[in-house]
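Accompanying notes for the structure given below.
Residue numbers (the working numbering): 98 to 225.
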């Protein structure tokens, strides 16, 4: 008569408020990080900037679970800043509704140039 003892360890345990996962013969703490994927042009640019120029701060933000909120804030602020700059530049340069009605192609050309300049200004402010 052959008797086998199986001491199967549970795949996951919770101890002292920390969740552990069995890997091989050892339990490792399970780190749960929030979804940190940036949503938007400015959030992506700023995340890449942090990764390349400030890697220690980038890792700190991830581990403190603050990166997603920061990127969301950066995205919103940059969008608002571009909008304000475009409005101000268009007003100064006389690109208005009257031009839009009477000279559509010129209005489009000038608005594209204004938007490009506004985005470059914001990019400089963001990465500066």
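Using N, Cα and C, we set each Cβ at its ideal position, and we do this for glycine too.
- Along the segment 98–165, the beta strand (DSSP E) occurs as fully enclosed runs of 3 or more residues at 109–112, 115–120, 123–126, listed in sequence order.
- Taking one beta carbon from each stretch, the segment 175–188 and the segment 203–215 have 3 or more pairs nearer than 8 Å; the two touch.
- When C-beta atoms of the segment 159–172 are compared with those of the segment 194–203, fewer than three pairs fall below 8 Å, so the two segments do not count as touching.
- Per the coordinates, the alpha-carbon of residue 109 lies some 12 Å from the alpha-carbon of residue 121.
- If you draw a 10 Å sphere on the C-beta of residue 217, you find fewer than 16 other C-beta atoms in it, and that means exposed.
- Spanning the alpha carbons of residue 150 and residue 117 requires a straight line of approximately 34 Å.
- Cβ contact annotation for residue 140 (same chain, cutoff 8 Å, sequence separation greater than five): 168, 169, 171, 172, in chain order.
- Straight-line measurement puts the Cα of residue 204 at about 31 Å from the Cα of residue 225.
- A straight-line Cα-Cα distance of about 13 Å links residue 148 and residue 135.
- Taking a C-beta distance under 9 Å as the contact criterion, residue 215 and residue 192 do not qualify as a contact pair.
- Residue 223 and residue 125 have their C-alpha atoms roughly 39 Å apart.
- Per DSSP, reduced to three states, the secondary structure at residue 190 is coil, with no helix or strand assignment.
- For residue 222, the enclosing alpha helix (DSSP H) covers residues 201–224.
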